[in-house]
Every structure is written in C-alpha cells, then in structure tokens.
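So the sequences go chain by chain: E and Z. Remember, our numbering sits 2 above the position in the first sequence when you count from 1. Remember, our numbering sits 2 above the position in the second sequence when you count from 1. By construction, the Cβ of each residue, glycine as well, lies at the ideal position given by its N, Cα and C atoms. This structure is a prediction, so every number in the text was calculated from the model and none was measured.
2 protein chains.
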Amino acid sequence: MDIVIPIFDDFTALDAIGPYEVLSRVGGRVRFVAREPGPIRTDNGMLSVIAEASLDDARSPDVVVVPGGVAVRALTSDPVWLDWLRDVHATSTWTTSVCTGSLLLGAAGLLEGLRATSHWLELETLRGYGAEPTGERVVEQGKVITAAGVSAGIDMALTLAARLIGEDGAKAIQLGIEYDPQPPFDCGSVEKADPKLVEAIRRAVSAREAASRERAGV
Amino acid sequence: MDIVIPIFDDFTALDAIGPYEVLSRVGGRVRFVAREPGPIRTDNGMLSVIAEASLDDARSPDVVVVPGGVAVRALTSDPVWLDWLRDVHATSTWTTSVCTGSLLLGAAGLLEGLRATSHWLELETLRGYGAEPTGERVVEQGKVITAAGVSAGIDMALTLAARLIGEDGAKAIQLGIEYDPQPPFDCGSVEKADPKLVEAIRRAVSAREAASRERAGV
Chain E
3 MDIVIPIFDD FTALDAIGPY EVLSRVGGRV RFVAREPGPI RTDNGMLSVI AEASLDDARS
63 PDVVVVPGGV AVRALTSDPV WLDWLRDVHA TSTWTTSVCT GSLLLGAAGL LEGLRATSHW
123 LELETLRGYG AEPTGERVVE QGKVITAAGV SAGIDMALTL AARLIGEDGA KAIQLGIEYD
183 PQPPFDCGSV EKADPKLVEA IRRAVSAREA ASRERAGV
Chain Z
3 MDIVIPIFDD FTALDAIGPY EVLSRVGGRV RFVAREPGPI RTDNGMLSVI AEASLDDARS
63 PDVVVVPGGV AVRALTSDPV WLDWLRDVHA TSTWTTSVCT GSLLLGAAGL LEGLRATSHW
123 LELETLRGYG AEPTGERVVE QGKVITAAGV SAGIDMALTL AARLIGEDGA KAIQLGIEYD
183 PQPPFDCGSV EKADPKLVEA IRRAVSAREA ASRERAGV
C-alpha cells in the first residue's frame, strides 16, 4: 500500500505527523513527497523534515493525506499542485486532508457537492469551492475524508485505518500509540471554547493577514 | 525561552512532534538537537527530520522534552546521553519526557523517588530506576513531567504550556490546534482496551524482542 503525504514549505507539522504515526502502522509504506525532494520547513521555521521523493514520483498512491499550513493559500492557485491532486485522486482509494489541506482539495475541484471540514478559522472558505462546510471533526464522503484543524488528523487516520485494515487493526494501533486523550482544558473546539477566546484568535489572525497583505502591497 | 527536543535514530516521531506543535506556540524557540546535527530517521524508517544542532550546542535549555522510541534501550547505557541529560537537568526549568523517553530520564538517575509514567508496555521498567510507575497520562513531580505513550505528549505539552504562559495562553493553543479529540474507539489505554488485545500486543512485542536478541546473539 502506497500512502503519500505531500508537503510544502510552511506546512503544519502535526497535520502530517499525526496521520503518519497512525498510518505507518497499517502495513504499507508512508512516503513524504514534495515538489522537489529534500528538506521542507514547517510553518514556524523551527523544524525541517525530509521529502524523500517528488510529486512526479508519486503519481498513483493508494492513499493521499494532504496537510494544511499557511502556504496553502498560495498553493490553491498553483497548477502544479492542483493538477497533481486531480491526477492522484483519479486513481486513489482514499483522498484525505487535515486542517486547511481541505482548501487544496477544494481548489482542485475535489470537494464539489460534498460536505467537508477544515480548521475552524477557514470553514467558510470551503463554500467558495462548492463544498458544504461542517464543524464535524472527521467527515467521510465516498472516498474523500476531511479532518478539522491540526490534531484532528489523528482521529481521521484512525478512522481511515479501520477502513484499510479493519476495526481490530485500528484498535491495536490506537492502543499502541496510547491514544486515550485527556486534554487539560475543554476548549478545543469553537463550540466549547470561551467566545471571547474565539473572537481574540479571529482578530489576531485577521490583523496578521492584513499586515501580510500590506507588506505584499495587495 | 530555549526549548530543546533531543532526538536520535529510531525515535518515535509523534512523541516529539506532538509537544513541538504545542510548545512552538508559547513564544520561545523549539530546537531539535541530536548527537550530531543532520537528518535523524524515525523508528519505522519512513521519515527523517533534521536536527539543527548537537547536544553540545544545547547545554542549558529552559525546557527539555525527551521522546521515546526503540533506540531508547541502547541509549540507557550511553554515557554521552546520560551525562547530557544530567547536565541539562541541573539548570532546566522543566525536564520532561514522552513515552519511553522516561526510561532515559530514569537511567540518568533523574526519576529516583518520583512517581513517573511511560508507554504502558514499559511501565514496570521504571521501577529499576527507583521510580514509582503509575498509569496516569501526565505525571508532574516538581520540575519533572513524564507522559504516557506517544500521543500523550500533546496532553503533557498543554499542561506544560499552562505552567509556562498561564492557562489562558494554553487554552488559546489548544483551540488553535483544535484539540477536541474524538477517538473512533474507546481502547486507547490498558484499562479501556479488550484484555485480549492487550495480551496480543504484549506477546507480539515479546516475540519481536526475542527475535532481535537472537539475531544479536545475546
């Protein structure tokens, strides 16, 4: 089984590594690929992981997992990425995303008419791609599975593992990675968090994006 | 704030990347370090991440997070690693571990007389280092925090984030990474999993270790 995780500079590490940790245990091979092989840096610049092959070397994966990150916005108008996604989706068994990775699937036209999720800050953006946004954590629609923000990739990958190798196998993986989460706070979703916190994060992100647009002169 | 994650060939990626994703958001700098800088491969050989500096370049971190992995057993008798751990622990604000990373802390003598946790398969090993094993997911003892297997590093890092920057900041991080876990199964700990599954994993791991010892002629 060829499981491919395409990465790009400024991707969010946990979006990719959560699913990798689960899917590396289903009995196939997980490959990190990028436009060109080599070191790829994460969104905060504090870590680089190595892409072992290029997108061209991964034209017919069984499973593709697209992570998110601040670079996604630029990639949604990059024909190399969009063509690659359409290409692999044509023959994949499962096409999946974590966090804003779903915007890339959307931009490639793969979410049209489907319910889908993304990071809570970008849910509405999905609408522009003909998808119906939902706040669910993991959304399965035919062979397309989208996951909510960052950490949701672990839940998505366990759901996918159950499809790939059966529930008993997926349960063994969940116990193997001791996934019995006990978050210290009950604030991990927009529904549960203090509305003031949600608003503060929305404002901070808007301000950052405005500053970034000003720097770019757009 | 200098947050250091020491890695080694055959480490478990999520042990390190879970805490990294949380701690990269507390306002300090997270550095991956290794015996020598350069690419370090994970336990399944499917991924390499880059250590940007050597252990020698990280002699006085504020926070150290030690991941686990199959290599840990060898490192527990490696004086370079044990001396480094003792050294950084002498001046650290927080010394932490995920999964079998606690065995390294134990081997360095840092858990003597403390309650501590580890991956459920290795809990009893802690006793040999003078620690009192506990099945709790995150165990805080003075400035030492140990976490259970693999995914528990996320819970540990959020707990630590609350100590470093306060609860409001930690809650913002938890919402930012949308950590509202919904595992598809309720089997992520020894207490919750089917005893047959637990036994099957114990047997498989014992068989693998016996085969490995036979190959090594010990």
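{"Asked": "Please classify E:Q184: does DSSP put it in a helix, a strand, or coil?", "Found": "coil"}
{"Asked": "My understanding is that Z:I52 touches Z:F13, with C-beta atoms under 8 angstroms, so please give their C-beta distance in whole angstroms.", "Found": "At roughly 13 angstroms, the Cβ-Cβ gap does not stay under 8 angstroms, so Z:I52 and Z:F13 are not in contact."}
{"Asked": "Check whether the Cβ of E:Q176 lies closer than 7 angstroms to any Cβ atom in chain Z.", "Found": "yes"}
{"Asked": "Using 10 angstroms around the beta-carbon of Z:A38, count the other beta-carbons present and answer buried if the total reaches 16, otherwise exposed.", "Found": "The question names Ala, but residue 38 of chain Z is Glu in the sequence shown. Classification for Z:E38: exposed."}
{"Asked": "At least one CB of chain Z closer than 7 angstroms to the CB of E:E23: is that the case?", "Found": "yes"}
{"Asked": "What's the call for E:D188, buried or exposed, on a 16-neighbour Cβ count within 10 Å?", "Found": "exposed"}
{"Asked": "Taking the C-alpha atoms as reference points, what is the distance between E:R31 and Z:W86?", "Found": "35 angstroms"}
{"Asked": "Does the beta-carbon distance from E:T127 to E:L105 come in below 7 angstroms?", "Found": "yes"}
{"Asked": "For Z:E142, I'd like the list of residues in its chain whose CB is within less than 8 angstroms of its CB, leaving aside the five on either flank, ordered along the chain.", "Found": "T161"}
{"Asked": "How many angstroms separate the CA atom of Z:I203 from the CA atom of E:A209?", "Found": "50 angstroms"}
{"Asked": "Would Z:I52 pass as an interface residue toward chain E - the criterion being a Cβ-Cβ separation below 7 angstroms?", "Found": "yes"}
{"Asked": "Is Z:D12 helix, strand or coil when you go by DSSP?", "Found": "coil"}
{"Asked": "From what residue to what residue does the alpha helix (DSSP H) around Z:T161 run?", "Found": "A154 to I167"}
{"Asked": "In chain Z, which residues lie less than 7 angstroms from E:E180 when you measure between Cβ atoms?", "Found": "H121, W122, A150, G151, V152, S153, A154, G190 and S191"}
{"Asked": "Out of E:A163, E:A218 and E:L125, which has the shortest C-alpha to C-alpha gap to E:I175?", "Found": "E:A163"}
{"Asked": "To which residues of the same chain is Z:D64 closer than 8 angstroms at the C-beta, ignoring the five residues directly before and after it?", "Found": "M3, D4, I5, G30, S94, T95 and W96"}
{"Asked": "Identify the continuous beta strand (DSSP E) that holds Z:V141 and give its terminal residues.", "Found": "V140 to Q143"}
{"Asked": "Mind listing the chain Z neighbours of E:P185? Cutoff is C-beta to C-beta under 7 angstroms, in chain order.", "Found": "D157, L160, Q176, Y181 and P183"}
{"Asked": "So which residues of chain Z does E:R215 contact, with C-beta pairs closer than 9 angstroms?", "Found": "Under the 9 angstroms cutoff, chain Z gives no residues; its nearest Cβ is about 21 angstroms from E:R215."}
{"Asked": "How far does the beta strand (DSSP E) with E:S50 in it extend, from its first residue to its last?", "Found": "S50 to A53"}
{"Asked": "Shorter than 7 angstroms from the beta carbon of Z:K173 to some beta carbon of chain E?", "Found": "yes"}
{"Asked": "Identify which residue in E:V200, E:S153, E:G144 and E:L177 has its Cα closest to the Cα of E:R165.", "Found": "E:G144"}
{"Asked": "The beta strand (DSSP E) that contains E:W96, what's its start and end?", "Found": "W96 to V100"}
{"Asked": "Report the CB separation of E:R27 from E:G178 in whole angstroms; it is logged as a contact under 8 angstroms.", "Found": "6 angstroms"}
{"Asked": "Since E:P41 meets chain Z, which of its residues come closer than 7 angstroms, beta carbon to beta carbon?", "Found": "I52"}
{"Asked": "Using a Cβ-Cβ cutoff of less than 7 angstroms, which residues in the same chain neighbour Z:M158 once the five nearest sequence positions on both sides are dropped?", "Found": "P21, T98, V100, V140, I147 and A149"}
{"Asked": "Looking at the strands, I want to know which residues DSSP matches up with Z:P135.", "Found": "Z:A118"}
{"Asked": "Span of the alpha helix (DSSP H) holding Z:R37?", "Found": "It is not in any alpha helix (DSSP H) - Z:R37 carries neither H nor E in the DSSP assignment."}
{"Asked": "Answer yes or no: do Z:A118 and Z:L84 have a C-beta to C-beta separation smaller than 7 angstroms?", "Found": "no"}
{"Asked": "Quick test of your reading: Z:G130 and Z:G103, contact by CB under 8 angstroms. State the CB separation rounded to the nearest angstrom.", "Found": "Actually they are not in contact, since the Cβ atoms of Z:G130 and Z:G103 sit about 16 angstroms apart, beyond 8 angstroms."}
{"Asked": "Just checking: is the beta-carbon of Z:I19 within a distance shorter than 7 angstroms of some beta-carbon in chain E?", "Found": "yes"}
{"Asked": "For the candidate residues E:G47, E:E134 and E:L16, whose alpha-carbon lies nearest to that of Z:E23?", "Found": "E:L16"}
{"Asked": "Identify every residue that forms a DSSP beta bridge with E:S56.", "Found": "E:A36"}
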